[in-house]
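S.K.: Before anything else, here's the structure in question.
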Amino acid sequence: MSDTFETVTFSLDALKRCLMHQLPPKWYRTYEVPPDGSWGVLRIVRGEHCFLLDERAATPRARVVIGLNGTGFFGKLRKPGYQAALQRVHRIGVQASRHQLAFPRAWSQYNVHNYVTVFAYQLHIGDERLIAEVITDGAADVYMCVVTTQDAQVDLTGFVSDRRPYEGAISQYDAAAAEVSSQFETLQRPKQMGVIDLDAVGFGAVTGGRHYSAWLPLLTDEQRRFLESPSNRSLKLRGPAGSGKTL
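Counting with our numbering, you get residues 101 to 347 for the letters of the sequence shown.
In structure tokens form, the structure reads like this:
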């Protein structure tokens with residue numbers, strides 16, 4: 101259970117793949133994904149840190165680390181907005197990787213130094229805000245460090261995040277990524293059932309392997325008249341199956 105997780109870390113591709121599914125509220129406590137890799141994501145737990153990574157996670161790319169502190173992140177958000185909030189987290193990660201922290205006006209973006217805060221979701225769900233720190237020490241990682249509410253607001257002017265959860269996750273990241281790569285290598289992959297010659301079973305089968313000029317002498321008078329009709333008007337060719345329409 102994520103009550104004991106200090107962080108959950110995603111590679112950007114893994115987060116995108118997870119968001120392709122409708123994630124129920126309980127998912128945000130376990131972060132479980134199919135162990136057969138069918139989502140293109142695997143889950144690794146190392147101590148207090150949970151990792152959801154794709155097959156290429158070992159390649160240096162931007163990562164998203166969410167500080168949980170015993171559901172302290174999603175625990176402050178409203179359940180109907182969990183997935184919307186995670187979608188915004190992904191968008192922040194993508195924009196940070198492009199060094200372009202610009203978001204829709206409705207998100208009410210506010211930046212101070214390397215921190216950015218936006219609404220967690222649409223206002224009809226709630227007015228909670230996400231605070232993200234963009235870590236630029238050799239990578240464009242995003243550390244989702246705080247959720248603010250009306251009762252617990254944060255002044256970004258003098259704000260300094262507690263990076264210890266982020267640093268703990270990153271210290272375990274390479275080992276988790278290597279484990280995921282190893283697991284993907286051993287997973288059962290769909291077997292290729294031989295090579296299908298599409299030319300032999302498709303159009304090539306109809307034409308008998310002959311090219312255009314080879315077929316011209318073999319056309320009937322009716323086929324020839326249709327072929328040589330003026331191309332400045334619409335034509336419709338009708339006929340039963342096997343009558344030579346494709347040819």
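Note that beta-carbon positions come from the ideal geometry of N, C-alpha and C, so glycine has one too.
Every value quoted in this text rests on a predicted model; they were computed, and no experiment measured them.
(1) Flag this pair as yes or no: are the beta carbons of G167 and Y266 separated by less than 8 Å?
(2) Out of curiosity, what's the CA-to-CA distance linking L337 and L201?
(3) Among the candidates L186, I270, I144, E328, whose CA atom is the shortest distance from the CA of D237?
(4) With DSSP collapsed to three states, give me the class of A252.
(5) Rank R198, Q283, G175, D227 by C-alpha distance to the C-alpha of V234 and give the top, closest one.
(6) Assign Q292 to one of three DSSP states: helix, strand, or coil.
(7) Does the beta-carbon distance from L230 to A185 come in below 8 Å?
(8) Looking at the structure shown, is V280 part of a helix, part of a strand, or coil, going by DSSP?
(9) Whose C-alpha, out of T107, H121, V164, D113, is nearest the C-alpha of A232?
(10) Taking all protein chains shown into account, decide if D136 is buried (16 or more other Cβ within 10 angstroms of its Cβ) or exposed.
(11) Is it the case that the CB of L223 approaches a heavy atom of the ligand SAH more closely than 7 Å?
(12) Would you report the Cα separation of Y128 and P340, rounded to the nearest angstrom?
(13) Nearest to F203 by alpha carbon, out of V212, H213, F219?
(14) Who are the Cβ neighbours of V189 in its own chain at under 8 Å, not counting the five residues just before and after it?
(15) Comparing alpha-carbon positions, which option in Y210, C118, A206, P330 lies nearest H224?
(16) Would you list, in sequence order, the uninterrupted beta strand (DSSP E) runs of no fewer than 3 residues that lie entirely inside the stretch 146-222?
(17) Measuring straight from C-alpha to C-alpha, what distance separates D262 and P134?
(18) Would you call the stretch 244-258 and the stretch 149-158 in contact, with 3 or more CB pairs under 8 Å?
(19) Using a Cβ-Cβ cut-off of 6 Å (strictly less than) and excluding sequence neighbours within five positions of D113, which residues of its own chain qualify?
(20) Count the other CB atoms within 10 Å of the CB of T109; is the residue buried (16 or more) or exposed (fewer)?
(21) DSSP on S111, reduced to helix/strand/coil?
(22) Quick one: what does DSSP say M101 is sitting in, helix, strand or coil?
(23) For the alpha helix (DSSP H) containing E322, list its first residue and its last residue.
(24) How close, in whole Å, do the beta carbons of A252 and A158 come, if the pair is a contact with beta carbons under 8 Å?
(25) Buried or exposed: where does I144 fall if 16 or more other Cβ atoms within 10 Å of its Cβ makes it buried?
(26) Rounded to whole angstroms, how far is the Cβ of R117 from the Cβ of W139, which I believe are closer than 8 Å?
M.R.: From the atom records:
(1) Here residue 167 refers to the residue found at position 67 when the sequence shown is read from its first residue. Here residue 266 refers to the residue found at position 166 when the sequence shown is read from its first residue. Cβ distance < 8 Å, so G167 and Y266 count as in contact.
(2) Counted from its first residue, the sequence shown places residue 337 at position 237. Counted from its first residue, the sequence shown places residue 201 at position 101. Near 56 Å, if we compare the C-alpha coordinates of L201 and L337.
(3) Position 137 of the sequence shown holds residue 237. Taking only the C-alpha atoms, the option nearest D237 is I270.
(4) To locate residue 252, count along the sequence shown from 1; it is residue 152. In the structure shown, A252 sits in a strand (DSSP, three-state: E or B).
(5) Here residue 234 refers to the residue found at position 134 when the sequence shown is read from its first residue. Comparing Cα-Cα distances from V234 to each of R198, Q283, G175, D227, the minimum goes to R198.
(6) Within the sequence shown, the letter at position 192 stands for residue 292. The pLDDT assigned to Q292 is 48, lower than 50, so where the model puts this residue is not dependable, and the model offers no usable value.
(7) Mapped onto the sequence shown, residue 230 falls at position 130. Mapped onto the sequence shown, residue 185 falls at position 85. Against a cut-off of 8 Å, the Cβ pair of A185 and L230 comes out as a contact.
(8) Here residue 280 corresponds to residue number 180 of the sequence shown, with the count starting at 1. V280 falls in the helix class under three-state DSSP.
(9) As a working note, residue 232 is residue 132 in the sequence shown. Answer by Cα proximity: V164.
(10) Your numbering for residue 136 matches position 36 in the sequence shown. It counts as exposed.
(11) In the structure on display, the ligand SAH does not appear, and there are no ligands present to speak of.
(12) Position 28 of the sequence shown, counting from 1, holds the residue named residue 128. Position 240 of the sequence shown, counting from 1, holds the residue named residue 340. Straight-line Cα distance between these residues: approximately 57 Å.
(13) Mapped onto the sequence shown, residue 203 falls at position 103. Of the listed residues, the one whose Cα sits closest to F203 is F219.
(14) Start at 1 with the first residue of the sequence shown, and residue 189 comes out as number 89. Here the set comprises L115, V164, I166, L230, A232, V242, M244.
(15) Taking the sequence shown and counting its residues from 1, one reaches residue 224 at position 124. Of Y210, C118, A206, P330, the smallest CA-CA separation from H224 is found for A206.
(16) 149-153, 163-167, 210-212, 215-219
(17) Within the sequence shown, residue 262 is the residue found at index 162, counting from 1. Within the sequence shown, residue 134 is the residue found at index 34, counting from 1. Taking the straight line joining both Cα atoms gives about 32 Å.
(18) no
(19) Taking the sequence shown and counting its residues from 1, the one referred to as residue 113 is at position 13. Counting only Cβ-Cβ distances below 6 Å, and skipping sequence neighbours, we find D154.
(20) Here residue 109 corresponds to residue number 9 of the sequence shown, with the count starting at 1. Classification for T109: buried.
(21) As a first step, residue 111 must be located in the sequence shown, where it is residue number 11. If DSSP states are grouped into helix, strand and coil, S111 belongs with the strands.
(22) Translated into the one-based positions of the sequence shown, residue 101 becomes position 1. Summary for M101: the model assigns pLDDT 42, below 50, so the residue's position carries little reliability; its value from the coordinates is reported in the next sentence. It is coil, neither helix nor strand.
(23) By one-based count along the sequence shown, residue 322 stands at place 222. Run containing E322: 321-327, per the alpha helix (DSSP H) assignment.
(24) Start at 1 with the first residue of the sequence shown, and residue 252 comes out as number 152. Start at 1 with the first residue of the sequence shown, and residue 158 comes out as number 58. Not a contact, Cβ separation roughly 37 Å.
(25) Along the sequence shown, one-based indexing puts residue 144 at 44. It counts as buried.
(26) Translated into positions along the sequence shown, residue 117 becomes position 17. Translated into positions along the sequence shown, residue 139 becomes position 39. The pair is a contact, with the Cβ atoms about 5 Å apart (cut-off 8 Å).
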